[in-house]
Amino acid sequence: MKSPVKKGAIFASIALIIVLGFAVYGNSLGGDFLWDDGYLVEDNAYTRDWSHTGDFFSGEQSTKTIAPQFSFYRPFQMITYVMDYSLWGLDVRGYHLTNILLHVSVALALFWMVNILFGDVLLSFLTGLFFVTHPVHTEAVSYISGRSDPLAALFMLLCFIFYVKELNSQKKRFYFLMILAYIGALLSRETAMILVALLLLYHFVFGRKIEFKGFLSLSGITFIYILLRLTALRGLLAVSAVPTHFSQRFPGFFAAITGYTRLLTLPVHLHMEYGAELFKLSEPETITGVLLVLFFLVYAWGKRKSSKLLFFSVFWFFLALLPVSNLYPVNAYMAEHWLYLPSIGFFLLLAGGVCWLYRSRSLKICSMVLMIYIPLFYAYSTVKQNGYWSDRITFYERTLRYAPDSVRVHNNLGNAYLKAGRKEEAIASYKNALAVDPGYAEAYYNLGSVYVDTGRKEEAISLFKKAVMIDPDYAEAYYNLGNAYVDTGREKEAIAFYEKALEVDPDYAEAYNNLGVAYAAAGRRDEAVASYRKALAINPAHAGAYTNLGIVYAAAGKNEEAIAMYTKALRIDPDFAAAYNNLAAAYYYEGQYARAIRYCDKAVKLGLKVPPKLLEMLEPYREE
Numbered sequence: 002m003k004s005p006v007k008k009g010a011i012f013a014s015i016a017l018i019i020v021l022g023f024a025v026y027g028n029s030l031g032g033d034f035l036w037d038d039g040y041l042v043e044d045n046a047y048t049r050d051w052s053h054t055g056d057f058f059s060g061e062q063s064t065k066t067i068a069p070q071f072s073f074y075r076p077f078q079m080i081t082y083v084m085d086y087s088l089w090g091l092d093v094r095g096y097h098l099t100n101i102l103l104h105v106s107v108a109l110a111l112f113w114m115v116n117i118l119f120g121d122v123l124l125s126f127l128t129g130l131f132f133v134t135h136p137v138h139t140e141a142v143s144y145i146s147g148r149s150d151p152l153a154a155l156f157m158l159l160c161f162i163f164y165v166k167e168l169n170s171q172k173k174r175f176y177f178l179m180i181l182a183y184i185g186a187l188l189s190r191e192t193a194m195i196l197v198a199l200l201l202l203y204h205f206v207f208g209r210k211i212e213f214k215g216f217l218s219l220s221g222i223t224f225i226y227i228l229l230r231l232t233a234l235r236g237l238l239a240v241s242a243v244p245t246h247f248s249q250r251f252p253g254f255f256a257a258i259t260g261y262t263r264l265l266t267l268p269v270h271l272h273m274e275y276g277a278e279l280f281k282l283s284e285p286e287t288i289t290g291v292l293l294v295l296f297f298l299v300y301a302w303g304k305r306k307s308s309k310l311l312f313f314s315v316f317w318f319f320l321a322l323l324p325v326s327n328l329y330p331v332n333a334y335m336a337e338h339w340l341y342l343p344s345i346g347f348f349l350l351l352a353g354g355v356c357w358l359y360r361s362r363s364l365k366i367c368s369m370v371l372m373i374y375i376p377l378f379y380a381y382s383t384v385k386q387n388g389y390w391s392d393r394i395t396f397y398e399r400t401l402r403y404a405p406d407s408v409r410v411h412n413n414l415g416n417a418y419l420k421a422g423r424k425e426e427a428i429a430s431y432k433n434a435l436a437v438d439p440g441y442a443e444a445y446y447n448l449g450s451v452y453v454d455t456g457r458k459e460e461a462i463s464l465f466k467k468a469v470m471i472d473p474d475y476a477e478a479y480y481n482l483g484n485a486y487v488d489t490g491r492e493k494e495a496i497a498f499y500e501k502a503l504e505v506d507p508d509y510a511e512a513y514n515n516l517g518v519a520y521a522a523a524g525r526r527d528e529a530v531a532s533y534r535k536a537l538a539i540n541p542a543h544a545g546a547y548t549n550l551g552i553v554y555a556a557a558g559k560n561e562e563a564i565a566m567y568t569k570a571l572r573i574d575p576d577f578a579a580a581y582n583n584l585a586a587a588y589y590y591e592g593q594y595a596r597a598i599r600y601c602d603k604a605v606k607l608g609l610k611v612p613p614k615l616l617e618m619l620e621p622y623r624e625e
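In short: position in the sequence shown from 1, add 1, done, that's this note's numbering.
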């Protein structure tokens with residue numbers, strides 16, 4: 002039974018971790034959607050309601066809509082975005098709040114785990130405190146799409162805790178909680194598979210005999226998960242876009258160790274986009290990394306009996322880093338958010354060192370200074386780093402300073418400028434992206450889209466064609482080619498591009514809708530109707546497709562059917578100008594002038610654009 006003093010220390014530790022966790026990340030709440038947040042959250046129709054939950058688990062949405070080239074399969078992460086949307090809509094503050102809650106929860110789970118393993122409240126508190134305040138975690142916390150790291154880490158730590166508790170008590174509830182937590186971890190991030198190795202580390206360090214019920218259960222789940230990933234999702238991890246040989250990647254592991262050591266010990270110049278750089282064994286970063294790995298592993302092995310904490314910390318770090326070590330091809334040689342789980346080993350070792358100083362009579366004051374200085378330095382650095390995540394332009398401009406040859410950063414900076422209405426700067430950024438990589442299809446597409454907006458249609462068509470030459474499966478580029486041809490009066494030619502877009506993506510509702518417009522312009526009404534209906538089958542909330550269907554009915558003299566379609570469009574989008582105008586015109590031709598005037602006036606009241614001809618037609622009937 003815990004003494005009142007120990008209970009008080011535990012309560013105070015938990016309270017301080019929570020308060021500091023929210024304090025250091027409070028200024029991240031207003032940060033923009035950035036980078037992958039666009040296709041994962043902001044523009045992802047799958048996160049708008051709960052009806053697509055099955056698609057997250059089947060892999061249909063992940064492999065088709067998000068990032069098939071990266072074998073993305075994180076259904077729990079996607080479900081949290083659905084939860085956020087149901088609570089906050091697209092208010093970015095709610096999404097950031099969820100990330101902060103997860104990060105603080107991980108720090109508390111870490112406190113719990115360390116206390117179970119070592120029975121030392123001060124050690125547990127300092128480990129959790131250093132973890133929750135260190136700025137290297139901003140990439141996993143301040144970045145909404147970084148959520149998979151804290152989500153998986155939370156489930157992994159809980160699984161570890163329940164595994165140890167089940168060993169100690171043999172209680173079934175801990176066994177089932179352990180299984181559920183591990184499944185949750187795997188469904189949050191694929192790197193959670195390394196937990197089995199971390200449990201083996203626990204048995205080795207603490208001399209606990211493996212009880213096969215729990216360990217074999219977790220191993221069996223891991224085997225089934227790997228099998229499903231390899232067969233259904235074409236891979237285990239996010240693979241590199243550029244094929245490389247193991248011998249090319251291997252030196253990068255040691256270069257990354259050098260970088261990670263610097264980031265943890267001196268967390269300055271933090272940034273995204275370290276790139277997929279290849280290193281040679283003769284380079285200084287690689288040699289330093291080799292020496293660091295040899296030193297820590299050899300020293301820790303020598304201390305395996307006299308210092309369990311040292312051995313456990315060092316081997317936790319290296320084992321947890323293995324899934325993203327580039328021994329298996331991944332999409333960068335290092336990334337700050339990949340330190341989220343491995344860094345636990347560093348913070349445990351650092352906390353152990355401070356505790357050792359605290360319990361040394363001559364160095365106690367020194368340890369107390371460190372207890373205050375380290376978290377304050379981390380907290381200050383985290384708050385400062387959050388500022389760089391505050392808006393798109395600030396973020397990408399700063400990232401570009403560290404990654405000037407990143408085509409993705411140039412491209413994304415162009416998107417940020419475009420969203421801010423700074424079109425000329427957007428054009429310059431897209432051109433910079435193409436100067437870095439002339440084979441980057443997305444930059445051609447984005448530059449073409451800006452040219453469409455600025456009236457340079459023929460140049461846009463040329464750029465869209467370059468995009469599809471580079472990437473023949475670029476559905477959006479085919480779609481915009483079709484739009485550009487329609488805008489330049491070449492509807493018949495546009496049809497082929499819409500059809501190609503639909504060949505690539507059969508669920509492209511907008512392409513069906515615009516194909517219908519092109520069919521209607523070419524006098525192919527039946528095909529237009531069929532296209533609009535296919536658009537509505539995919540997206541029943543497509544107000545434009547209902548309106549366009551109404552236009553076809555009206556042209557065929559079916560005014561009642563047209564009115565029904567326009568009415569449905571307005572139920573979906575009460576501010577849809579075209580539906581108001583067409584509904585007013587339909588009632589006019591039906592002789593229902595009062596209704597026509599009512600809808601026309603409502604459009605005017607909403608500030609929507611009403612054709613002058615329609616106003617002129619209705620004017621004589623206002624006096625009646």
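A virtual CB, placed ideally from N, CA and C, is assigned to each residue, including glycine.
Could you spell out where the alpha helix (DSSP H) holding residue i opens and where it closes?
{"i": "residue 50", "result": "Per DSSP, residue 50 belongs to no alpha helix (DSSP H) and is neither H nor E."}
{"i": "residue 489", "result": "Where residue 489 is concerned, there is no enclosing alpha helix (DSSP H), given that its DSSP letter is neither H nor E."}
{"i": "residue 526", "result": "526-539"}
{"i": "residue 361", "result": "Counting along the chain, residue 361 falls outside any alpha helix (DSSP H), and DSSP gives it neither H nor E."}
{"i": "residue 454", "result": "442-454"}
{"i": "residue 304", "result": "Here residue 304 belongs to no alpha helix (DSSP H), and DSSP marks it neither H nor E."}
{"i": "residue 1", "result": "In the structure displayed, the chain extends from 2 to 625; residue 1 sits before or after that span and is not available."}
{"i": "residue 313", "result": "309-322"}
{"i": "residue 465", "result": "458-471"}
{"i": "residue 411", "result": "408-420"}
Quick one: using the 10 Å Cβ neighbour count with 16 as the cut-off for buried, is residue i buried or exposed?
{"i": "residue 459", "result": "exposed"}
{"i": "residue 232", "result": "exposed"}
{"i": "residue 373", "result": "exposed"}
{"i": "residue 367", "result": "exposed"}
{"i": "residue 412", "result": "buried"}
{"i": "residue 386", "result": "buried"}
{"i": "residue 36", "result": "buried"}
{"i": "residue 619", "result": "buried"}
{"i": "residue 541", "result": "exposed"}
How is residue i classed by DSSP in three states: helix, strand or coil?
{"i": "residue 593", "result": "coil"}
{"i": "residue 189", "result": "coil"}
{"i": "residue 208", "result": "coil"}
{"i": "residue 172", "result": "coil"}
{"i": "residue 135", "result": "coil"}
{"i": "residue 36", "result": "coil"}
{"i": "residue 617", "result": "helix"}
{"i": "residue 290", "result": "helix"}
{"i": "residue 24", "result": "helix"}
{"i": "residue 1", "result": "The structure shown does not extend to residue 1, since the chain is modelled only from 2 to 625, so the question has no answer here."}
{"i": "residue 518", "result": "helix"}
{"i": "residue 390", "result": "coil"}
Alpha carbon to alpha carbon, how far is residue i from residue j?
{"i": "residue 24", "j": "residue 383", "result": "10 angstroms"}
{"i": "residue 109", "j": "residue 369", "result": "22 angstroms"}
{"i": "residue 423", "j": "residue 545", "result": "28 angstroms"}
{"i": "residue 74", "j": "residue 218", "result": "22 angstroms"}
{"i": "residue 100", "j": "residue 622", "result": "58 angstroms"}
{"i": "residue 117", "j": "residue 179", "result": "15 angstroms"}
{"i": "residue 68", "j": "residue 613", "result": "The predicted position of residue 68 is uncertain, since its pLDDT is 49 and thus under 50; no value can be drawn from it."}
{"i": "residue 64", "j": "residue 200", "result": "Confidence at residue 64 is low in this model, with a pLDDT of 48, below 50, so the placement of that residue should be treated as unreliable; the coordinate-derived value is given next. Approximately 31 angstroms, taken between the alpha carbons."}
{"i": "residue 175", "j": "residue 321", "result": "24 angstroms"}
{"i": "residue 399", "j": "residue 485", "result": "35 angstroms"}
{"i": "residue 582", "j": "residue 608", "result": "13 angstroms"}
{"i": "residue 347", "j": "residue 501", "result": "52 angstroms"}
{"i": "residue 592", "j": "residue 560", "result": "11 angstroms"}
With C-beta atoms as the reference, is residue i less than 9 angstroms away from residue j?
{"i": "residue 290", "j": "residue 257", "result": "yes"}
{"i": "residue 48", "j": "residue 93", "result": "no"}
{"i": "residue 462", "j": "residue 442", "result": "no"}
{"i": "residue 221", "j": "residue 77", "result": "no"}
{"i": "residue 318", "j": "residue 297", "result": "yes"}
{"i": "residue 32", "j": "residue 97", "result": "yes"}
{"i": "residue 141", "j": "residue 147", "result": "yes"}
{"i": "residue 509", "j": "residue 539", "result": "yes"}
{"i": "residue 438", "j": "residue 408", "result": "yes"}
{"i": "residue 1", "j": "residue 610", "result": "A query on residue 1 cannot be resolved here, the shown segment of the chain reaching from 2 to 625 and no further."}
{"i": "residue 130", "j": "residue 18", "result": "yes"}
{"i": "residue 156", "j": "residue 182", "result": "yes"}
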